[in-house]
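Numbering (full-length UniProt numbering), first residue to last: 1 to 357. For glycine and all other residues, C-beta sits at the position ideal for the given N, C-alpha and C. Keep in mind the model is a prediction, meaning the values are calculated, not measured.
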Amino acid sequence: MSALKNDRFIRALLRQPVDTTPVWMMRQAGRYLPEYRETRAQAGDFLSLCKNTDFACEVTLQPLRRYDLDAAILFSDILTVPDALGLGLYFETGEGPKFKKTVRSEQDIAALPKVNIGADLDYVVNAVKAIRSALGGQVPLIGFSGSPWTLATYMIEGGSSKDYRYSKEMLYARPELLHALLDHLAETVTDYLNAQIEAGAQVIQIFDSWGGALAHREYVEFSLNYMQKIVAGLIKEKEGQKIPVILFTKGGGQWLAQMLDTDADAFGLDWTTSLNTARQTVNGRAALQGNLDPATLYGNAQSIEKAVKLMLDDAYADGEKTGYVANLGHGITQWVDPANPKVFIDTVHEYSQKYLR
Ligand code: CP3
Numbered sequence: 001m002s003a004l005k006n007d008r009f010i011r012a013l014l015r016q017p018v019d020t021t022p023v024w025m026m027r028q029a030g031r032y033l034p035e036y037r038e039t040r041a042q043a044g045d046f047l048s049l050c051k052n053t054d055f056a057c058e059v060t061l062q063p064l065r066r067y068d069l070d071a072a073i074l075f076s077d078i079l080t081v082p083d084a085l086g087l088g089l090y091f092e093t094g095e096g097p098k099f100k101k102t103v104r105s106e107q108d109i110a111a112l113p114k115v116n117i118g119a120d121l122d123y124v125v126n127a128v129k130a131i132r133s134a135l136g137g138q139v140p141l142i143g144f145s146g147s148p149w150t151l152a153t154y155m156i157e158g159g160s161s162k163d164y165r166y167s168k169e170m171l172y173a174r175p176e177l178l179h180a181l182l183d184h185l186a187e188t189v190t191d192y193l194n195a196q197i198e199a200g201a202q203v204i205q206i207f208d209s210w211g212g213a214l215a216h217r218e219y220v221e222f223s224l225n226y227m228q229k230i231v232a233g234l235i236k237e238k239e240g241q242k243i244p245v246i247l248f249t250k251g252g253g254q255w256l257a258q259m260l261d262t263d264a265d266a267f268g269l270d271w272t273t274s275l276n277t278a279r280q281t282v283n284g285r286a287a288l289q290g291n292l293d294p295a296t297l298y299g300n301a302q303s304i305e306k307a308v309k310l311m312l313d314d315a316y317a318d319g320e321k322t323g324y325v326a327n328l329g330h331g332i333t334q335w336v337d338p339a340n341p342k343v344f345i346d347t348v349h350e351y352s353q354k355y356l357r
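This is how it looks when you write it as structure tokens:
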């Protein structure tokens with residue numbers, strides 16, 4: 001790790017002192033960048049982009065060429081896992097992800113194969129190796145996966161969902177079935193993330209994008225417990241350096257106290273939670289990441305600067321100097337003007353210094 005030229009992201013996650021607040025953006029490689037759209041066109045489509053090592057490596061690095069980011073994130077998708085489980089992932093333009101098969105019955109679940117990461121997801125492992133090498137220690141590389149609950153919603157619904165009609169039906173009518181599916185996914189995700197760590201991922205984030213759709217009693221039983229199981233099974237250290245783990249439950253700010261019972265190092269927050277309140281809740285026991293409303297980036301330089309300063313004032317209001325990583329509260333969208341993330345990132349680096357001296 002001594003090889004890392006910029007390790008402030010890892011230091012903040014481990015609650016060690018930093019010179020300035022580290023910052024990255026969820027979904028930082030994507031359609032808002034013209035160079036991304038160009039590479040995707042060259043690859044043919046989104047999945048071919050993920051499956052080609054050179055292209056995946058190229059789009060991972062694109063946002064780092066434009067902005068002073070403190071981390072790179074593997075270019076891939078959370079839905080590679082259900083695809084490897086044989087569901088047949090495809091994208092229809094303007095419609096989001098879809099699966100040829102769904103998983104709704106006992107038979108469907110029993111028929112799920114055991115994924116062989118080295119064979120079925122070798123393209124992800126190869127991308128991690130290539131990106132890590134291309135980064136040359138510039139910043140740490142984040143590996144990621146979806147949470148079992150979030151992946152299960154896509155597998156049960158057959159794509160994106162607004163009401164989680166079939167996933168919630170399974171949860172309430174056949175909870176033992178859902179548990180069997182979540183168990184299988186937790187095991188697969190653990191192997192998948194460990195393969196990413198072996199290949200060179202230096203930080204892990206679990207995206208529980210739809211955990212916030214669960215009722216408060218069900219969140220722990222059907223989402224958090226399975227993320228904890230994964231965290232417990234991950235490789236803790238590589239090359240003498242701890243591998244920090246971040247859990248991000250969108251819409252989960254009210255469950256921070258329960259999240260602290262896991263062994264994760266950091267928790268991501270969306271924009272509906274006050275960072276000051278959240279910092280008081282975790283009280284130095286974990287790091288926090290977030291939580292600028294991504295729609296802030298539809299504003300202009302002045303409005304973005306103002307919002308970022310208010311976010312930092314909130315994050316450091318309790319006088320705690322570390323354990324904070326700036327980010328958006330969810331992924332950046334395709335409609336953002338590429339000039340605007342620069343204002344966000346540069347304001348974080350400049351303005352946060354007054355709190356860190
Ligand atoms: O952060 C990064 O830069 C790394 C890349 C990344 C992608 N997807 C690329 C992508 C990451 C970390 C993801 C995670 C992901 N994928 C999540 C969790 C994060 C979140 O936003 O909550 C989820 C829920 C998905 C599932 C998914 N993939 C959806 C719903 C869609 C279509 C909607 C959309 O935003 O476009 C995708 C496709 C996808 N994944 C794109 C990208 C850049 C757009 C595809 C394209 O280029 O057409």
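The residue among Phe46, Gln28 and Asp108 with its C-alpha nearest the C-alpha of leucine 69 is Gln28.
Shortest gap from the CB of leucine 79 to any heavy atom of ligand 1: under 7 angstroms.
Annotation for tyrosine 316: Tyr355 place their beta carbon closer than 6 angstroms to its own, counting only its chain and skipping 5 residues before and after. The DSSP assignment places 148-157 as complete runs of the alpha helix (DSSP H) inside the UniProt domain "Uroporphyrinogen decarboxylase (URO-D)" (142-158), in order along the chain (cut-off: 4 residues).
Counting the other CB atoms within 10 Å of its CB gives tyrosine 154 a total of 16 or more, which places it among the buried residues. For serine 48, the CB stays at least 7 angstroms from every heavy atom of ligand 1.
Residue pairing from DSSP places tyrosine 90 in a beta bridge opposite Lys98.
Scanning its chain for C-beta atoms nearer than 7 angstroms, with the 5 sequence neighbours on each side dropped, one finds around proline 113 the residues Leu85 and Gly86, in chain order.
Within 7 angstroms of the C-beta of histidine 179 there is not a single heavy atom belonging to ligand 1. When DSSP reads this structure, valine 23 sits in a beta bridge with Ala326. In the assembly as shown, glutamate 157 is a buried residue. Its beta-carbon has 16 or more other beta-carbons within 10 Å. Relative to ligand 1, the beta carbon of histidine 330 is positioned inside 7 angstroms of a heavy atom. Contact between the segment 308-323 and the segment 190-197 is not established, with fewer than three Cβ pairs separated by less than 8 angstroms. Exclusion of the five residues before and after threonine 190 leaves Lys229, Ile230, Gly233 and Leu234 as the residues of its chain whose Cβ lies within less than 8 angstroms of its Cβ.
DSSP places leucine 171 in the uninterrupted alpha helix (DSSP H) bounded by 165-173.
Between the segment 209-225 and the segment 256-263, the count of Cβ pairs shorter than 8 angstroms is three or higher; the stretches touch.
The alpha carbon of phenylalanine 91 has as its nearest neighbour, out of Ala134, Ala286 and Asp77, the alpha carbon of Asp77. Relative to the Cα of leucine 177, the nearest Cα in the group Arg11, Asn327, Asp163 and Trp149 belongs to Trp149. Annotation for glutamine 42 indicates a beta carbon at 7 angstroms or more from all heavy atoms of ligand 1. Annotation for alanine 301: Val343 place their beta carbon closer than 7 angstroms to its own, counting only its chain and skipping 5 residues before and after.
As the crow flies, the alpha-carbon of lysine 242 is around 6 angstroms from that of lysine 236. Boundaries of the alpha helix (DSSP H) around asparagine 340: 340-351. Collapsing the DSSP output to three states places phenylalanine 75 in coil.
In the DSSP assignment, threonine 53 falls within the alpha helix (DSSP H) that extends over 53-66. The C-alpha of glycine 118 is placed about 12 angstroms away from the C-alpha of alanine 127.
Taking the CA atoms as reference points, arginine 165 sits about 15 angstroms from leucine 151. A contact is defined here as three or more CB-CB pairs under 8 angstroms, and the segment 34-49 fails this definition with respect to the segment 167-177. One alpha carbon belongs to tyrosine 298, the other to alanine 307, and they sit about 12 angstroms apart. In this structure alanine 3 is exposed. Its beta-carbon is surrounded by fewer than 16 other beta-carbon atoms within 10 angstroms. In the three-state scheme derived from DSSP, where H, G and I count as helix and E and B as strand, valine 139 is classed as coil. Residue environment for lysine 250: buried (at least 16 other C-beta atoms within 10 angstroms of its C-beta). Ligand 1 has no heavy atom closer than 7 angstroms to the beta-carbon of isoleucine 156. In this structure, the straight-line span from the alpha carbon of lysine 100 to that of aspartate 83 is close to 10 angstroms.
For the pair valine 245 and glutamate 198, the Cα-to-Cα distance works out to about 15 angstroms. In this structure, ligand 1 has a non-hydrogen atom nearer than 7 angstroms to the beta-carbon of lysine 250. Residues Val103, Leu177, Ala180, Leu181 and His184 of the same chain have their beta carbon placed closer than 8 angstroms to that of isoleucine 109, with the five preceding and five following residues left out of the count.
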